[in-house]
Each structure stands twice: as C-alpha cells, then as structure tokens.
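Residue numbers (UniProt numbering): 1 to 331.
Written out as structure tokens, the structure reads:
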C-alpha cells in the first residue's frame with residue numbers, strides 16, 4: 001500500500017469511534033516500552049483486541065480482519081484477555097506481539113506477518129488485480145467503515161442492542177450494565193460523533209450517508225458477481241477486509257432496524273453469500289464464540305486443575321476494572 005493510504009487507514013483505526021477508544025473514549029497510550037506478554041512462546045502470535053459479542057467475534061472491523069487473516073493463513077495465535085485495557089504504542093487496537101516485539105496497525109500486522117511466515121494471500125494475483133484490491137480495500141476502510149461508524153454514533157442505543165453489547169463483561173467490571181450503558185452513550189455518542197464529523201462523513205445528511213454506504217455495497221457486489229471470492233475460487237486479502245467490514249453490517253440483530261443491512265440482504269445477496277462462506281471457512285466455532293464469548297475457543301482447554309483459581313482471578317480483574325471505570329466517570 002502507498003504511504004498516503006496507510007496513513008488514512010491508520011488514522012481511522014487509531015480513532016475508530018466505537019472500538020479504538022478506552023471506556024471514556026480517550027486514547028490509552030502504552031507508556032512501557034516492554035511487551036505485555038513476558039513468558040511468550042516462540043513464533044506464537046499474541047493478539048490484543050476487543051472483547052467478543054453475542055452476534056460476531058469483534059465489533060471492530062480491524063480486529064476481525066486480523067483474526068480472520070490469522071485463521072486463513074493457518075498461523076498459531078492466542079488472544080490475550082486484557083479486558084480492553086491495553087493499547088499499542090500507537091494508541092491502537094488491534095496489535096500483536098511476536099517473539100517479544102510489538103506490531104501495531106492491522107495493515108502493517110498483515111504485511112509483517114505475511115513476510116515473516118511467508119503467507120502472502122495475494123501471491124497468485126496479477127499486478128492489475130493487486131491494484132484493484134488496493135483500491136477496493138481503500139474504499140472499504142476509508143469510506144464504508146465510516147458509514148457504519150456514523151450509524152453507531154448517531155444511534156448508540158441501537159448499537160448496544162444490535163450487537164447485544166455486555167459492557168460489564170467486555171470491560172471486566174462489576175458496575176451495573178445500566179450505568180455502563182448510560183456512560184457509554186454519553187461519552188461515545190458525543191466524542192464519536194465529533195470524530196465522524198471531523199473525518200467528513202458526519203457533515204452529510206442521513207439519507208446521503210446511507211446512499212454512500214449503499215453505493216459502496218453495490219460496487220463490492222458488482223465486483224464479486226457470481227464468484228465465490230473476489231478474485232476467484234480462493235480468498236485473498238480483499239476478501240478478509242470485506243468480510244470483516246460486511247460482518248459489522250450483516251450480523252446486527254434482526255430486531256434492530258438498520259437500512260444498510262436490509263439493503264445488503266435485498267439488493268446484494270451475493271455479499272451475504274460471501275460473508276457466510278468466509279464465516280464457515282475461517283470461524284467454524286462462530287456459534288461457540290458468540291455463545292461463550294471465549295476469546296480462545298480455537299485452542300485446547302487447559303486441565304481442570306489449572307482452572308481452580310479462575311474465580312479469584314475474575315474477581316481481581318473485576319476490581320481492577322471497577323477502578324478503571326470509576327476513574328473515567330470522575331473525569
């Protein structure tokens with residue numbers, strides 16, 4: 001990717017209104033230069049992302065993008081259950097740690113890991129196809145993502161209901177969800193809306209923004225046509241990025257009204273098929289993830305004796321989570 005495109009993507013990823021801010025919407029820079037995972041296993045990728053939801057593995061298209069790519073590439077990884085407390089040195093989620101080194105920003109993560117593990121999903125593409133892929137990814141991450149972000153900040157109640165958000169679980173706190181939801185709407189809606197407006201999407205009328213999103217979906221649908229994946233029979237990076245963003249639209253709970261989801265279902269059924277193919281291929285444990293909210297359902301479970309102190313750890317984490325939230329509320 002070009003530097004300009006990466007910078008645009010980085011800016012959105014670092015300030016993503018719903019997913020890339022702390023409980024109070026503020027950036028959470030990491031001050032310690034050392035990696036968080038000190039007892040790391042060689043060549044295991046440690047992924048730091050947001051907590052699970054009951055409707056999809058991550059509400060962040062960037063986090064879902066990285067995890068989908070890791071699964072598609074067949075690399076050994078482990079999600080770190082940090083209750084959304086950590087950020088990369090760039091102030092972002094997701095980030096990964098590999099052999100004692102941090103790699104931040106989803107685009108850079110994919111690029112670095114592809115080189116180090118020789119897992120280039122685009123190796124079979126021609127130069128022209130790679131150029132098209134680059135342009136489409138730019139459209140998704142610098143335009144369509146902001147259409148979704150606008151909806152989330154404009155209708156925070158619907159976002160909470162649509163993704164069945166459990167902030168108490170996500171933040172690892174014992175503060176009642178009613179208080180957390182109110183606090184979330186108060187801070188997220190206000191600060192998120194400012195970011196969406198500053199980006200440019202938020203200055204338009206609602207009907208115009210919806211049309212922007214529909215146009216993006218139409219472009220993706222026309223390109224996919226009747227193929228299983230965008231460039232043929234096997235998924236590439238574009239399929240990963242498209243899936244990660246389209247999933248944010250398609251899997252919103254059906255009880256919540258969302259025009260863009262309805263348009264995708266009615267006018268772009270091939271995109272629905274694409275999302276389901278990627279889901280089945282990369283997340284055979286999808287239902288288990290959404291039911292248990294387990295970050296590591298893909299890994300073997302530890303022996304029962306190792307779980308003896310699980311409740312003690314949970315209580316300790318919740319107390320720490322309470323302190324973090326209380327600090328934000330006092331601001």
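The beta-carbon is built from N, C-alpha and C at its ideal position, and this holds for glycine as well.
Stretch-stretch touch, CB-based, cutoff 8 Å, three pairs: the region 175 to 192 with the region 89 to 104
Three or more beta-carbon pairs separated by less than 8 Å are not found between the region 175 to 192 and the region 89 to 104, which leaves the two stretches without contact.
Which whole-angstrom value describes the C-beta separation of residue 193 and residue 68, a residue pair presumed to lie in contact below a C-beta threshold of 8 Å?
Numbered from 1 along the chain shown, position 193 holds the residue referred to as residue 193. Numbered from 1 along the chain shown, position 68 holds the residue referred to as residue 68. Contact doesn't hold; Cβ gap of about 29 Å is too wide.
Assign residue 230 to one of three DSSP states: helix, strand, or coil.
For the purposes of this step, residue 230 is taken as the residue at position 230 of the chain shown. If DSSP states are grouped into helix, strand and coil, residue 230 belongs with coil.
With DSSP as the reference, label residue 104 as helix, strand or coil.
Residue mapping note: residue 104 aligns to position 104 of the chain shown, counting from 1. In this structure, residue 104 counts as strand in the three-state DSSP scheme.
If I follow the unbroken beta strand (DSSP E) through residue 96, where does it start and stop?
Reading the chain shown from its first residue, position 96 is the one you call residue 96. Counting along the chain, residue 96 sits inside the beta strand (DSSP E) bounded by residues 95 to 98.
Residue 118 (DSSP reduced to helix, strand or coil)
Sequence index remark: in the chain shown, residue 118 carries index 118 (1-based). In the structure shown, residue 118 sits in coil (DSSP, three-state: anything other than H, G, I, E or B).
Take every Cβ of the region 46 to 61, pair it with every Cβ of the region 248 to 259, and state whether three or more of those distances are shorter than 8 Å.
Contact between the region 46 to 61 and the region 248 to 259 is present: three or more C-beta pairs spanning the two stretches fall below 8 Å.
State the start and end residues of the unbroken alpha helix (DSSP H) segment that holds residue 127.
One-based indexing of the chain shown puts residue 127 at position 127. Unbroken alpha helix (DSSP H) run through residue 127: 127 to 139.
Decide if residue 100 is buried, meaning its Cβ has at least 16 other Cβ atoms within 10 Å, or exposed.
Taking the first residue of the chain shown as 1, we reach residue 100 at position 100. Exposed, by the Cβ-count rule.
How is residue 45 classed by DSSP in three states: helix, strand or coil?
Position 45 of the chain shown, counted from the start, is the residue given in the question as residue 45. DSSP places residue 45 in the strand class (E or B) of the three-state scheme.
What residue range does the alpha helix (DSSP H) around residue 280 cover?
Position 280 of the chain shown, counted from the first residue, corresponds to residue 280. Segment 269 to 282, the alpha helix (DSSP H) holding residue 280.
Assumed close pair residue 148, residue 209 - CB separation to whole angstroms, cut-off 8 Å
Residue mapping note: residue 148 aligns to position 148 of the chain shown, counting from 1. Residue mapping note: residue 209 aligns to position 209 of the chain shown, counting from 1. About 10 Å separates the Cβ atoms of residue 148 and residue 209, ruling out a contact at the 8 Å cut-off.
If residue 94 and residue 62 are in contact, beta carbons under 8 Å, what's the gap, nearest whole angstrom?
Position 94 of the chain shown, counted from the first residue, corresponds to residue 94. Position 62 of the chain shown, counted from the first residue, corresponds to residue 62. Yes, residue 94 and residue 62 are in contact; Cβ-Cβ is about 6 Å, under 8 Å.
Quick one: using the 10 Å Cβ neighbour count with 16 as the cut-off for buried, is residue 106 buried or exposed?
Looking up residue 106 in the chain shown gives position 106. With at least 16 other beta carbons inside 10 angstroms of its own, residue 106 counts as buried.
Could you please give the first and the last residue of the uninterrupted beta strand (DSSP E) stretch that includes residue 78?
Your numbering for residue 78 matches position 78 in the chain shown. Unbroken beta strand (DSSP E) run through residue 78: 77 to 79.
With three or more beta-carbon pairs closer than 8 Å as the criterion, would you say the region 207 to 227 touches the region 267 to 275?
Enough Cβ pairs lie closer than 8 Å, so yes.
DSSP three-state label for residue 221, please.
Taking the chain shown and counting its residues from 1, one reaches residue 221 at position 221. Here residue 221 sits in helix by DSSP.
Compare the Cα-Cα distances from residue 35 to each of 66, 117, 86 and report the closest residue.
Here the question's residue 35 lines up with position 35 in the chain shown. Comparing Cα-Cα distances from residue 35 to each of 66, 117, 86, the minimum goes to 86.
Residue 152, DSSP secondary structure in three states:
Reading the chain shown from its first residue, position 152 is the one you call residue 152. For residue 152, the three-state secondary structure derived from DSSP is helix.
Any idea if residue 339 is buried or exposed, counting beta-carbon neighbours within 10 angstroms, 16 or more meaning buried?
Coverage of the chain is limited to positions 1 through 331, which leaves residue 339 absent and any answer about it impossible.
Our contact map puts residue 231 next to residue 242 with C-beta atoms below 8 Å; I'd like the distance itself, whole angstroms only.
Taking the chain shown and counting its residues from 1, one reaches residue 231 at position 231. Taking the chain shown and counting its residues from 1, one reaches residue 242 at position 242. The C-beta distance from residue 231 to residue 242 rounds to 11 Å, too long to meet the 8 Å contact threshold.
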